[in-house]
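J.: So the sequence shown is numbered by our numbering: it starts at 2 and just counts up by one.
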Amino acid sequence: MITLISGTNRPESRTRLFVDYFADQLRRLGEEVAILDMADLHHGYFQEEMYQGKPGNADLVALHRRYIQPTRKFAVFAPEYNGSYPGVLKLFLDGISVIDYAGNFAGKHVALVGLASGRAGNLRGVDHLADVFAHMGAWVLPNRLPISSIENLIAEDELSDEETKNVLRKLAEQLIAA
Ligand SMILES: Cc1cc2nc3c(=O)[nH]c(=O)nc-3n(C[C@H](O)[C@H](O)[C@H](O)COP(=O)(O)O)c2cc1C
Numbered sequence: 002m003i004t005l006i007s008g009t010n011r012p013e014s015r016t017r018l019f020v021d022y023f024a025d026q027l028r029r030l031g032e033e034v035a036i037l038d039m040a041d042l043h044h045g046y047f048q049e050e051m052y053q054g055k056p057g058n059a060d061l062v063a064l065h066r067r068y069i070q071p072t073r074k075f076a077v078f079a080p081e082y083n084g085s086y087p088g089v090l091k092l093f094l095d096g097i098s099v100i101d102y103a104g105n106f107a108g109k110h111v112a113l114v115g116l117a118s119g120r121a122g123n124l125r126g127v128d129h130l131a132d133v134f135a136h137m138g139a140w141v142l143p144n145r146l147p148i149s150s151i152e153n154l155i156a157e158d159e160l161s162d163e164e165t166k167n168v169l170r171k172l173a174e175q176l177i178a179a
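Structure (structure tokens):
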């Protein structure tokens with residue numbers, strides 16, 4: 002199974018449209034896919050108890066057991082918020098790190114995709130995220146994919162740009178081969 006993480010909790014986030022396209026491509030290639038959307042997190046996780054460690058908040062533990070622990074490969078889609086990736090994603094990574102640090106990302110493969118309204122495709126935020134995943138022991142795929150001006154790539158709530166579809170398909174193949 003490959004887990005895709007949609008890295009923002011913003012309602013009607015455009016990032017999720019790219020995640021859905023990537024998920025379809027992986028399924029077409031025969032992979033089982035799970036999608037963990039930061040919009041699905043309960044705000045109640047993010048209290049001071051989130052740092053208590055084991056056994057940890059029951060709901061957060063359940064998400065960890067379902068989406069993170071059994072998975073060997075991930076693709077993380079990070080929109081650009083103020084020149085980096087969204088804080089909710091870091092909060093989630095910190096929250097699960099105190100539950101089971103070794104079982105999270107160590108020795109696992111992670112593909113990173115940046116998305117932005119602007120021209121930089123969140124390449125800087127993806128680099129920040131790559132450092133965090135490397136710190137947690139993950140193998141980050143060398144193809145860090147920046148996607149810029151994303152409003153222009155969408156039509157009728159779907160990814161419509163052929164070139165972007167091509168690069169995402171290629172990344173899906175690379176993640177499967179990793
Ligand atoms: C809090 C916040 C900060 C943002 N900062 C940036 C930014 O620094 N650079 C940029 O190109 N776009 C920025 N954006 C626009 C996002 O790139 C845009 O919302 C895009 O659609 C991807 O995010 P989404 O999944 O929330 O839709 C920001 C959006 C929000 C909500």
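The beta carbon of each residue, even a glycine, is placed where N, CA and C say it ideally should be.
For clarity, every value in this text was computed on a predicted model and none was experimentally measured.
1. Can you tell me whether DSSP reads residue 110 as helix, strand or coil?
2. Could you spell out the range, first to last residue, of the beta strand (DSSP E) harbouring residue 133?
3. Under three-state DSSP, which class holds residue 101?
4. What is the rounded straight-line gap between the Cα of residue 154 and the Cα of residue 161?
5. Put residue 37 into one of helix, strand or coil per three-state DSSP.
6. State yes or no: is the C-beta of residue 17 within less than 8 angstroms of the C-beta of residue 38?
7. Can you tell me which of 108, 117, 122, 159 puts its alpha carbon nearest to the alpha carbon of residue 134?
8. What whole-angstrom Cβ distance do residue 101 and residue 70 have, given they're in contact under 8 angstroms?
9. Please state whether the Cβ-Cβ distance between residue 144 and residue 81 is less than 8 angstroms.
10. Leaving out the 5 sequence neighbours to the left and right, which residues in its chain are closer than 6 angstroms to residue 89 when beta-carbon positions are compared?
11. For the segment 68-100, which segments carrying the beta strand (DSSP E) assignment without a break, of at least 3 residues, lie completely within its bounds, in sequence order?
12. Do three or more CB pairs link the segment 23-31 to the segment 47-54 at distances below 8 angstroms?
13. Reducing DSSP to helix, strand and coil, say where residue 4 ends up.
T.: Concretely, from the data shown:
1. As a first step, residue 110 must be located in the sequence shown, where it is residue number 109. It is a strand residue.
2. Numbered from its first residue, the sequence shown carries residue 133 at position 132. Note, residue 133: premise wrong, no beta strand (DSSP E); alpha helix (DSSP H) at 124-136.
3. Here residue 101 corresponds to residue number 100 of the sequence shown, with the count starting at 1. In this structure, residue 101 counts as coil in the three-state DSSP scheme.
4. Against the sequence shown, residue 154 aligns to sequence position 153. Against the sequence shown, residue 161 aligns to sequence position 160. Near 6 angstroms, if we compare the C-alpha coordinates of residue 161 and residue 154.
5. Here residue 37 refers to the residue found at position 36 of the sequence shown. Of the three classes helix, strand and coil, the one that applies to residue 37 here is strand, per DSSP.
6. As a position in the sequence shown, residue 17 is number 16, starting the count at 1. As a position in the sequence shown, residue 38 is number 37, starting the count at 1. Against a cut-off of 8 angstroms, the Cβ pair of residue 38 and residue 17 comes out as a contact.
7. Residue 134 sits at position 133 when you count from the first residue of the sequence shown. The candidate whose alpha carbon is nearest that of residue 134 is 108.
8. Here residue 101 corresponds to residue number 100 of the sequence shown, with the count starting at 1. Here residue 70 corresponds to residue number 69 of the sequence shown, with the count starting at 1. Between residue 70 and residue 101 the Cβ distance is about 7 angstroms, and since that is below 8 angstroms, they are a contact.
9. Taking the sequence shown and counting its residues from 1, one reaches residue 144 at position 143. Taking the sequence shown and counting its residues from 1, one reaches residue 81 at position 80. The answer is no: Cβ separation not under 8 angstroms.
10. In the sequence shown, the residue the question calls residue 89 occupies position 88. Excluding residues within five positions, the ones whose Cβ falls inside 6 angstroms are 10, 39.
11. 74-80
12. no
13. Taking the sequence shown and counting its residues from 1, the one referred to as residue 4 is at position 3. The answer is strand: DSSP assigns residue 4 an E or B state.
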